[in-house]
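When you line the sequence shown up against this note's numbering, it's residues 10 to 119, in that order.
Yeah, the Cβ is synthetic: ideal placement off N, Cα and C, and Gly gets one too.
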Amino acid sequence: MVKVTIYKTSRHGYTGFDLDGHAEYDDPGQDIVCAAVSALVINTVNSIERFTDDETNCISDEESGRIEFRFRQIPSHDASLLLDSMVLGLEQIEDSSDYEPYIDIIFKEV
Numbered sequence: 010m011v012k013v014t015i016y017k018t019s020r021h022g023y024t025g026f027d028l029d030g031h032a033e034y035d036d037p038g039q040d041i042v043c044a045a046v047s048a049l050v051i052n053t054v055n056s057i058e059r060f061t062d063d064e065t066n067c068i069s070d071e072e073s074g075r076i077e078f079r080f081r082q083i084p085s086h087d088a089s090l091l092l093d094s095m096v097l098g099l100e101q102i103e104d105s106s107d108y109e110p111y112i113d114i115i116f117k118e119v
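Structure representation (structure tokens):
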């Protein structure tokens, strides 16, 4: 199962997220849940890096499927919007009865 933890402040501002695990919906290379989650998350991280001036830390381990992404300061409007888009896509995967058993999204206040 893919576990996504989204970190937000009491004012609902993002501080980062963690992604951990593999969906195990299908064999590696055929796993559409893993591919969808990976595409959403990697595109978001790359978009924040390319299209914003936000300073971030990102640690990843492809083998374990772990990504730790943190903002160094309060994220810009654009970075927050990109994360909103990522969360929307992940929630739509989780809301599907076919894929819900393979993804868990948790929101934590920090």
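Proximity to residue i [Cα-Cα], best of the options
i          : options           : result
residue 78 : 65, 17 and 90     : 65
residue 54 : 29, 95 and 74     : 95
residue 58 : 89, 29 and 42     : 89
residue 34 : 28, 10 and 74     : 10
residue 72 : 32, 93 and 63     : 32
residue 82 : 18, 20, 19 and 24 : 24
residue 56 : 36, 85, 19 and 18 : 85
residue 30 : 17, 117 and 70    : 70
Anticipated Cβ contact below 8 Å, residue i with residue j, distance rounded
i           : j           : result
residue 15  : residue 112 : At roughly 13 Å, the Cβ-Cβ gap does not stay under 8 Å, so residue 15 and residue 112 are not in contact.
residue 102 : residue 50  : Contact doesn't hold; Cβ gap of about 11 Å is too wide.
residue 13  : residue 99  : 6 Å
Per-residue burial, residue i [other beta carbons within 10 Å of its own, 16 or more giving buried]
i           : result
residue 80  : buried
residue 38  : exposed
residue 119 : exposed
residue 60  : exposed
residue 22  : exposed
residue 28  : buried
residue 26  : buried
residue 92  : buried
Strand pairing of residue i, partner residues [DSSP]
i           : result
residue 28  : 13 and 76
residue 102 : In the DSSP output, where bridge partners are listed per residue, residue 102 has none listed.
residue 34  : According to DSSP, residue 34 bridges with nothing at all.
Residue i CB to nearest heavy atom of the ligand MN below 7 Å
i           : result
residue 108 : Summarising the ligand content, the structure contains no ligands, and the ligand MN is consequently not present.
Any chain C beta carbon closer than 8 Å to residue i
i          : result
residue 80 : Among the protein chains of the structure shown there is no chain C, as only one such chain exists.
Within the region 38-65, note down every full alpha helix (DSSP H) run reaching 4 residues or more, in order along the chain. 41-60
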